[in-house]
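Chains as they are written, first to last, in the working numbering: chain A, 1278 to 1431; chain B, 3 to 656.
Down below is the structure, laid out as structure tokens.
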Amino acid sequence: MVQFKNRYMVMEVFVDANRELGDNDPIILSAFNVSKAIKDSIQLNFGECGLAVSLGSFQVKYVNPTTKICIIRTSREDHQKVWSAITMVRSIGKCPVSFNLLDLSGSIKACKRAALMCDEAKFEQYRLAAGDLVTPEITDVVKSCFEKIKALEK
Amino acid sequence: MALFFDLSVPYLEREHGASSSTGASAENKALRSARLRAAVKALELGYAGVAYDRPFRGVVADSDRCSRPLLPSLLAAAPSLAAAAALHRRLLRSPPSPPFRQFSRITLSLDSPAAVASSSSNPVLRTYDIVAVRPLNQAAFDHACKFSEVDMISIDFSQKLPFRLKLPLVEVAIKRGLHFEITYSHLIADVNVRRQMLADAKLLVEWTRGKNVIISSAASSVNDIRGPYDVTNLVVFLLGLSMERAKAAISTNCRSLLVKALRKKHFYKETIRIERILPDNEQFDSKKFLLSNLINWDPISSGEGDLPSLDDIANSTPSKKQNASSKAIDFTSITDGTPFLLSHNATIISSSNNLSACAVPDEVSQQDEANEVLIENSLSTSVTALEEQISPPETILVPLDNIEKLPVEAILASEADALQSDHMELEDCNTTVGDTVLLSSDANLSSFTVTENTQTYNGFLEDDEGSKHCETEAHKDVTELMKCIASASGNQDQTQLNDDNYYSNSMKDDMHTEGVKVRTAEREASPEEVASAHDEEWQNFTTEPALTGQREGLDAFLEEMHAMDVIKDTNVVEREDIPSGNTVSLEKILIKEEERMPSRCSATIGAKSFEVKSGKRKQRKSSNYPASPLPFSSFFKSILFKRKGWPLRRRQNK
């Protein structure tokens, strides 16, 4: 009864904590650049074999560029390794970033619930921080992102 | 429900000294803003406290006193901070109510054991909340592990270690309650350092098995700070700690270290808190004040630098709440002024762990009680160790020296009374309880201690020097006793034959040696004291057999009787006191017993037959003299029986 299992990590990304408040983001997060940064880190820290082993189920499922929440899927065997590699990520491109785990779950259902909760909370904070700068377009983008979470693996 | 701490946020800027040039001040500003950002990040990530770590090298001067590095208004840094902090606390499952705390810490880089020694007792260091050392060579590391009075040993794993970690040293340090610090920022920051660091850090983690290890960031920039769970995972995966130990390393270990360090800082001798509350002319309600203070006492609060808890932030109270708890020991006055005197300085003495101490106790009664407890303890442990008998006179002497004005005689008399009453109680026990043999030895000892103590009292009443003399005499007495024990086995005296048997018996079983030793010692060195005790026993035993017809009781009783004979031989005067009628009645009972159990006739027939015993018999005998009156003696006997019976059963199986 050895079944293949996944782990879903809900992570938040801090983009360049040294920048002044209210500045525009130096980079726009996407599933591609997040996954590339993580893969680079795995290769740097655990080598070719480590990367090859964990690549099987590794996937960045979801990225919200506004609230900077992302969902990353790995296999259960390698999730500690991938997590460590993510912790040791220092930059995406030239921009210094740091990842922080918000939730770790074993099923997409629990993961979606946690991600939605975190995403909403982060958006609240974003609105608090940005104040009047929150335009309707941004709100629309975030709303569509929420829908994307709900639609994950359905 | 764990609170996470980051006990190392670098604090590099200098408030005074080099700040005259504009370049230095700009640098200071940059460093300060970096520190502020790091603290804000830690708060945002859900940490419950940070410690600002000032690295230090050289001799600690008075100017290096802790100078408020604490950031007063973290809340102004970002408006959405409170919400983020609350979210992360919730996700970390740590309670939102504890405030975010800031501590000060100094890390001394030391390169010689002398520096370590001098750093231990420096009052300037105690202005910091946490004191850590970073040894730079083998000698400094050895000394730091073995003797230093610091809270933490911080090891810089980013370079090649200048010393070798040694398992015994690490174990000693852990036993002494020191913590080891591993910093993770190097692990994240530089690829080449990782290789260097992991090998050494893993060794330390393996040897400590995660005990007394603290993980902290030492982050040079904000980007190096990671969340508590990420750090935990990193440590688990790379250093091979277990999950709970890794979590403890960043939460509970830090907390226990903080509690210990702050207690060291704020309490006199780690238990008594001194506060200067009000000027003399004002009266205050001491009871009310102390109770409220004790109830609100927070073991990990440094007294300053606590931000209001997140609940308060949520209620949008940006102004910092005034900390209700008054400041603890005022260190400026202590270090500048006269030495710290309890009697002069204290307006109030409150004990952290004893509420009853709030009311200033009647010193006489307390000391008295303490002494009584001590003496009672030494009695109840009775036969366990002869060396312990030295302790009662010493412990009595100490408080007497302290309280000079008190009437010495009163204390002495009361203690003597206590001893006497104890003695009497034990005697009562002898007559009632069936296990007389065990308790009778108690009685012997109690009489022994009484006389010894009273000797000391007498000496003390005469004059102070005399008391010391007496004390040394007591020492001598005991050492003489021990010598006698040593020579006892070689003694050809007829009285010793029985004891010899015991001695050889007891060699087989360690548990019984002490009891036998004490017995021989009493017989040898203090016959007149013991004789009186034995006299009382004697009378007890005459009534005893009527109550107990059991085999063992009788054996023990016979044993005692033999001992009595011995005593009688040695001091003739005592023998005259013993009524002859008793012995006759004993003989009768013996004969009865023999008739009842003919198989054991040879063993119980008389005093002479005691010298010729079978091995089995010896073991039975020795089991009558355990090291202390154990309540589970029957339990031990059953084990003995099993062990004996076991090979027999096996043989039957074959």
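Just so you know, even glycine gets a beta-carbon here, dropped at the ideal spot from N, CA and C.
Self-check item: Chain-ordered residues of the region 215-229 of chain B with a beta carbon less than 9 Å from chain A
Solution: Ser223, Val224, Asn225, Asp226, Ile227, Arg228 and Gly229
Quiz item: For B:Val238 and chain A, any beta-carbon pair shorter than 8 Å?
Solution: yes
Exercise. Closer than 7 Å, Cβ to Cβ, to anything on chain B: give me those residues from the region 1397-1409 of chain A, in chain order.
Key: Ala1398, Glu1401, Gln1402, Leu1405 and Ala1406
Self-check item: C-alpha gap between A:Cys1388 and A:Leu1381, whole angstroms
Solution: 7 Å
Practice problem: Compare the C-alpha of A:Glu1289 against each of A:Leu1378, A:Val1411 and A:Arg1404 and name the closest. | Solution: A:Leu1378
Practice problem: Give me the Cα-Cα distance between A:Asp1409 and B:Val193, rounded to the nearest whole angstrom. | Solution: Going by the C-alpha atoms only, they are around 42 Å apart.
Quiz item: Whose CA, out of B:Arg196, B:Lys148, B:Asn139 and B:Phe105, lies closest to the CA of B:Ile132?
Solution: B:Phe105
Quiz item: Looking at the C-beta of B:Ala85, does it have a partner C-beta in chain A at a distance below 8 Å?
Solution: yes
Quiz item: Terminal residues of the continuous alpha helix (DSSP H) containing B:Leu679?
Solution: The requested residue 679 of chain B does not occur in the structure, where chain B is confined to residues 3 to 656.
Exercise. Buried or exposed for A:Ile1305, please, with buried defined as at least 16 other CB atoms from any protein chain shown within 10 angstroms of its CB.
Key: Exposed.
Practice problem: Quick one: residues in its chain with C-beta nearer than 7 Å to the C-beta of A:Tyr1285, no 5 flanking neighbours on either side, listed in chain order? | Solution: Ile1348, Arg1350, Ser1382, Ile1385 and Cys1388
Practice problem: Measure the CB-CB distance between B:Ser187 and B:Asp226 and report whether it falls below 8 Å. | Solution: yes
Quiz item: Residues in its own chain within less than 8 Å of B:Val238 by CB, not counting five upstream and five downstream?
Solution: Ser244, Met245 and Ala248
Quiz item: Which residues in chain A sit within 8 Å of B:Leu89, going by Cβ to Cβ distance?
Solution: Cys1395, Ala1398, Lys1399 and Gln1402
Practice problem: For A:Pro1373, write down the residues that DSSP places opposite it in a beta bridge. | Solution: DSSP lists A:Ser1368 as partners of A:Pro1373.
Practice problem: Could you check what DSSP says for A:Gly1327 in three-state terms: helix, strand or coil? | Solution: A:Gly1327 falls in the helix class under three-state DSSP.
Self-check item: DSSP state of B:Cys256 mapped onto helix, strand, coil
Solution: helix
Quiz item: In terms of alpha-carbon separation, which member of B:Leu83, B:Leu47, B:Ala175 and B:Asn214 lies closest to B:Glu151?
Solution: B:Ala175
Exercise. Return yes when at least one heavy atom of the ligand COA lies under 7 Å from the C-beta of B:Tyr13, else no.
Key: The ligand COA is absent from the structure shown, which contains no ligands of any kind.
Quiz item: By the 10 Å Cβ neighbour count, where 16 or more other Cβ atoms means buried, how is A:Lys1358 classified, buried or exposed?
Solution: Buried: at least 16 other Cβ atoms inside 10 Å.
Practice problem: State the beta-bridge partners of A:Val1359 as determined by DSSP. | Solution: In the DSSP assignment, no residue is bridged to A:Val1359.
Self-check item: Anticipated Cβ contact below 8 Å, B:Ser698 with B:Glu183, distance rounded
Solution: In this structure chain B extends from 3 to 656, so residue 698 of chain B is not present and cannot be described.
Quiz item: For B:Tyr13, does the count of other Cβ atoms within 10 angstroms reach 16, so buried, or fall short, so exposed?
Solution: buried
Practice problem: Mark B:Glu1 as exposed unless 16 or more other C-beta atoms lie within 10 angstroms of its C-beta, in which case mark it buried. | Solution: Past the edges of chain B, shown from 3 to 656, lies residue 1 of chain B, and the structure says nothing about it.
Quiz item: Which chain A residues are close to B:Ile190, counting only those with a beta carbon under 8 Å from its beta carbon?
Solution: At a C-beta separation below 8 Å, B:Ile190 has these neighbours in chain A: Thr1364, Met1365 and Arg1367.
Exercise. Run the CB neighbour count on B:Glu46, radius 10 Å, all protein chains shown included, and call it buried at 16 or more, exposed below.
Key: B:Glu46 is buried by the Cβ-count criterion.
Quiz item: When DSSP labels each residue in this structure, what does B:Asp55 get in the three-state scheme?
Solution: strand
Quiz item: Of all Cβ atoms in chain B, is any one closer than 8 Å to the Cβ of A:Asp1355?
Solution: no
Quiz prompt | Reduced DSSP secondary structure (H/G/I, E/B, other) of A:Asp1380 | solution = strand
Quiz prompt | Nearest-angstrom beta carbon gap, B:Phe6 and B:Ser96 [assumed within contact, 8 Å] | solution = 7 Å
Self-check item: B:Tyr231 at chain A interface by Cβ criterion, 8 Å
Solution: So yes, B:Tyr231 belongs to the interface.
Self-check item: Cβ neighbour criterion (16 or more within 10 Å) applied to A:Arg1353
Solution: exposed
Quiz item: Is the region 26-39 of chain B close to the region 1413-1431 of chain A, with three or more CB pairs under 8 Å?
Solution: no
Practice problem: Report buried or exposed for B:Asn214, applying the criterion of at least 16 other Cβ atoms within 10 angstroms of its Cβ. | Solution: buried
Self-check item: Delimiting residues of the beta strand (DSSP E) encompassing B:Ala50
Solution: If you look at B:Ala50, you'll find it isn't in any beta strand (DSSP E); DSSP assigns it neither H nor E.
Exercise. Quick one: list the residues of chain A neighbouring B:Val193, beta-carbon separation under 8 Å, in chain order.
Key: Leu1321
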